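There are 2 protein chains.
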Amino acid sequence: MSIQPVPAFEPPYVMAVFSNARTDDASGYPETLARMEEMVATNPGYLGYESARTPGGLGITVAYFRDHESLTAWREDLEHRAAIKQGRADWYESYTLHVATVERSHGFARNG
Amino acid sequence: MSIQPVPAFEPPYVMAVFSNARTDDASGYPETLARMEEMVATNPGYLGYESARTPGGLGITVAYFRDHESLTAWREDLEHRAAIKQGRADWYESYTLHVATVERSHGFARNG
Numbered sequence: 056m057s058i059q060p061v062p063a064f065e066p067p068y069v070m071a072v073f074s075n076a077r078t079d080d081a082s083g084y085p086e087t088l089a090r091m092e093e094m095v096a097t098n099p100g101y102l103g104y105e106s107a108r109t110p111g112g113l114g115i116t117v118a119y120f121r122d123h124e125s126l127t128a129w130r131e132d133l134e135h136r137a138a139i140k141q142g143r144a145d146w147y148e149s150y151t152l153h154v155a156t157v158e159r160s161h162g163f164a165r166n167g
Numbered sequence: 056m057s058i059q060p061v062p063a064f065e066p067p068y069v070m071a072v073f074s075n076a077r078t079d080d081a082s083g084y085p086e087t088l089a090r091m092e093e094m095v096a097t098n099p100g101y102l103g104y105e106s107a108r109t110p111g112g113l114g115i116t117v118a119y120f121r122d123h124e125s126l127t128a129w130r131e132d133l134e135h136r137a138a139i140k141q142g143r144a145d146w147y148e149s150y151t152l153h154v155a156t157v158e159r160s161h162g163f164a165r166n167g
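Chains W and L, in that order, give the protein sequences.
Counting in the working numbering, the first sequence runs from 56 upward without gaps.
Counting in the working numbering, the second sequence runs from 56 upward without gaps.
See the structure below:
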């Protein structure tokens with residue numbers, strides 16, 4: 056995971072914000088997370104992915120796509136669906152998913 | 056900061072995703088952050104706020120508003136603008152802001 060935020064893309068594009076609280080059950084979690092990060096990047100409309108987690112606190116993951124069709128394909132991927140199911144069963148205490156169209160964005164970089 | 060994700064609201068609503076990498080300069084940062092969290096919550100269209108930071112890594116903050124007018128008022132707030140200016144000068148190595156309209160959302164809670 057890079058420390059750099061994903062850049063601002065040309066609007067409109069799509070983002071999915073997944074904010075979550077974890078359970079104490081970590082069995083299989085890091086492996087599945089790594090696999091999902093690898094898989095989502097193969098989506099033809101994939102733009103970027105970023106994630107942060109406060110230790111013992113909230114995790115926020117954002118995935119960026121060119122359009123809703125790309126996100127739909129990712130949502131319907133069978134291996135992804137199995138991971139979502141296991142997430143509900145084992146790994147997440149609670150989560151919220153917000154799917155949105157980005158209308159405006161900009162970036163700042165100190166030495167950019 | 057609660058460990059619970061903000062809930063799913065009735066679409067459409069607006070969210071601003073602020074992902075960032077920090078500098079080593081923390082002078083005044085926690086105080087200003089706390090002040091901004093306090094201030095944004097007084098916005099009439101404020102729905103919620105959540106934040107996560109991987110130690111030494113990326114921070115992601117998401118603010119949720121009822122509509123774009125509410126977000127515009129927050130963006131134009133003079134004390135907020137001063138904080139943004141100081142953020143560029145001192146606290147952030149880089150950041151990206153994505154402003155979007157949420158079209159779909161759902162939540163999950165283990166005991167909900």
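The beta-carbon is built from N, C-alpha and C at its ideal position, and this holds for glycine as well.
Since this is a predicted model, take the numbers as computed values, not measurements.
For a quick check, are the C-beta atoms of residue i and residue j less than 8 angstroms apart?
i: V61 of chain W; j: M70 of chain L; result: no
i: P99 of chain W; j: E158 of chain W; result: no
i: R165 of chain L; j: S82 of chain W; result: no
i: W146 of chain W; j: V95 of chain W; result: no
i: G103 of chain L; j: A107 of chain W; result: no
When the Cα atoms are used, what is the spatial distance from residue i to residue j?
i: E110 of chain L; j: R136 of chain W; result: Note that residue 110 of chain L corresponds to Pro in the displayed sequence, not to Glu. Approximately 30 angstroms between the Cα atoms of the pair.
i: R143 of chain W; j: R77 of chain W; result: 10 angstroms
i: P192 of chain L; j: I139 of chain L; result: There is simply no residue 192 of chain L to check, as chain L begins at 56 and stops at 167 in what is shown.
i: F64 of chain L; j: F163 of chain L; result: 13 angstroms
i: Y119 of chain W; j: R121 of chain L; result: 22 angstroms
i: T127 of chain L; j: D80 of chain W; result: 41 angstroms
i: M56 of chain L; j: E93 of chain L; result: Any answer about M56 of chain L is weak, because its pLDDT of 43 lies below 50 and its placement is not dependable; what the coordinates show is given next. Taking the straight line from one Cα to the other gives about 11 angstroms.
i: V117 of chain W; j: E105 of chain W; result: 5 angstroms
i: N75 of chain W; j: G114 of chain L; result: 15 angstroms
Since residue i meets chain W, which of its residues come closer than 8 angstroms, beta carbon to beta carbon?
i: V61 of chain L; result: S74, T151
Counting only beta-carbon separations shorter than 8 angstroms, does residue i have a partner in chain C?
i: V95 of chain L; result: In the structure shown, chain C cannot be found, because the protein chains are W and L.
Which residue or residues does DSSP assign as beta-bridge partners of residue i?
i: E105 of chain L; result: L:V117
i: H161 of chain L; result: W:L152
i: S74 of chain W; result: W:I115, W:T151
i: V69 of chain W; result: W:F120, W:T156
Could you work out which residues of chain W lie near residue i, taking near to mean beta carbons separated by less than 7 angstroms?
i: R165 of chain L; result: E148, S149
Just to make sure I have the definition right: I need the residues of chain L whose C-beta is within less than 7 angstroms of the C-beta of residue i. Which are they?
i: S160 of chain W; result: T151, L152, H153, V154
Okay, do the segment 88-104 of chain W and the segment 79-98 of chain L touch, 3+ Cβ pairs below 8 angstroms being the bar?
no
Evaluate the contact criterion for the segment 159-166 of chain L versus the segment 147-163 of chain W: three or more CB pairs, one atom per stretch, below 8 angstroms.
yes
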